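**Student:**
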Amino acid sequence: MIRHAEVDFCWSRRCTSEMFDSECRKYDLSPIRNALYDIPQTIYQKIYVSELSRSHDTAKILFPGGEYSESGLINEVPLKSSLDTKMNIPLWFWNLTGRLQWLFNCRRQAEGRRQTIERAKEFAELIGNDDMDVAVVTHGFYMHTLLQEMKKAGFRMTKSSMKFKNGEYVIAEK
906 MIRHAEVDFC WSRRCTSEMF DSECRKYDLS PIRNALYDIP QTIYQKIYVS
956 ELSRSHDTAK ILFPGGEYSE SGLINEVPLK SSLDTKMNIP LWFWNLTGRL
1006 QWLFNCRRQA EGRRQTIERA KEFAELIGND DMDVAVVTHG FYMHTLLQEM
1056 KKAGFRMTKS SMKFKNGEYV IAEK
């Protein structure tokens, strides 16, 4: 499981709620910065990517010429502003409050923690039943939930992290 490459996007330090929502959309559409990442070289029978372009583009760099299986089950947890305001509020506030709303399943966010867990559980079951070597190019925040659900499904992990850097990987074995 690999976190996508760094995105070529510069966030505004302060935003209104409308600006923050716009920045989130722009980030999702931005290209990645081409970089070299050191990942284990093995023959992957299947390469999963999310529906977001940064995942696809990373897979093209890491596994050139590969065939990719797209799955919305491994998309990043969507984020939007936690309240409506015209005040310019620091970026950290929007990220923190949006993720707290996700944690408590607030309807303001497009997806709550329960929904993310269900997606991760479904994907862990999917790859657990595949019985093949797969690569998964996914997203940093989502990786935490997916790894937890994979552990519950009987996978063993090589490492875990509080924050996965771009291009960082985890090897999971069943």
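Following the working numbering, the numbering of the sequence shown begins with 906 at its first residue and continues without gaps. Heads up, the beta-carbon is just placed ideally off N, CA and C, and yes, glycines get one too. Quick caveat, the model's predicted, so the values are computed rather than measured.
Can you give me the C-alpha to C-alpha distance between Q1006 and E1023, rounded to a whole angstrom?
**Tutor:** As a working note, residue 1006 is residue 101 in the sequence shown. As a working note, residue 1023 is residue 118 in the sequence shown. Inter-residue distance for Q1006 and E1023 is about 17 Å (C-alpha atoms, whole angstroms).
**Student:** Take T1063 and list the residues in its own chain whose beta-carbon comes closer than 8 Å to its own, dropping the five residues that flank it on each side.
**Tutor:** Residue numbering aside, residue 1063 sits at position 158 when the sequence shown is read from its first letter. V1075, I1076 and A1077.
**Student:** Could you give the distance in angstroms between the alpha-carbon of G1072 and the alpha-carbon of I952?
**Tutor:** Here residue 1072 corresponds to residue number 167 of the sequence shown, with the count starting at 1. Here residue 952 corresponds to residue number 47 of the sequence shown, with the count starting at 1. Cα-Cα distance, rounded: 15 Å.
**Student:** Among all the DSSP beta bridges, which residues are the ones paired with M1062?
**Tutor:** Here residue 1062 refers to the residue found at position 157 of the sequence shown. Under the DSSP definition of a beta bridge, M1062 partners with A1077.
**Student:** From W999, V1042 and R1061, pick the residue whose C-alpha is nearest to that of S1121; which is it?
**Tutor:** Outside the shown range of the chain, which is 906 to 1079, sits residue 1121, and nothing can be said about it.
**Student:** With C-beta atoms as the reference, is T963 less than 8 Å away from I937?
**Tutor:** Translated into positions along the sequence shown, residue 963 becomes position 58. Translated into positions along the sequence shown, residue 937 becomes position 32. Yes; because the gap between Cβ atoms is below 8 Å, this pair is in contact.
**Student:** Would you mind listing the alpha helix (DSSP H) stretches within the segment 934 to 966 that are 4+ residues and don't spill past its ends, in chain order?
**Tutor:** Listed in chain order, there is nothing to give.
**Student:** Can you give me the C-alpha to C-alpha distance between L978 and L996, rounded to a whole angstrom?
**Tutor:** Taking the first residue of the sequence shown as position 1, residue 978 is located at position 73. Taking the first residue of the sequence shown as position 1, residue 996 is located at position 91. CA-to-CA, the gap between L978 and L996 works out to about 27 Å.
**Student:** Are three or more beta carbon pairs between the segment 1014 to 1031 and the segment 943 to 952 nearer than 8 Å?
**Tutor:** no
**Student:** Does the Cβ of C883 have 16 or more other Cβ atoms within 10 Å, making it buried, or fewer, making it exposed?
**Tutor:** With the chain represented from 906 up to 1079, any question about residue 883 goes unanswered, as that position is not in the structure.
**Student:** Relative to the C-alpha of R930, which candidate in R908, V982, I907 and Q946 has its C-alpha closest?
**Tutor:** Taking the first residue of the sequence shown as position 1, residue 930 is located at position 25. It is V982.
**Student:** Can you tell me where the alpha helix (DSSP H) with A1040 in it begins and where it stops?
**Tutor:** Walking along the sequence shown from the start, residue 1040 turns up at place 135. From DSSP, A1040 is part of no alpha helix (DSSP H) but of the beta strand (DSSP E) over V1039 to T1043.
**Student:** Verify whether the separation of the beta carbon atoms of V1041 and I907 is less than 8 Å.
**Tutor:** Sequence index remark: in the sequence shown, residue 1041 carries index 136 (1-based). Sequence index remark: in the sequence shown, residue 907 carries index 2 (1-based). In contact: V1041 and I907 (Cβ atoms closer than 8 Å).
**Student:** Can you tell me where the alpha helix (DSSP H) with E1027 in it begins and where it stops?
**Tutor:** Residue 1027 sits at position 122 when you count from the first residue of the sequence shown. R1018 to D1035 is the span of the alpha helix (DSSP H), which, as asked, contains E1027.
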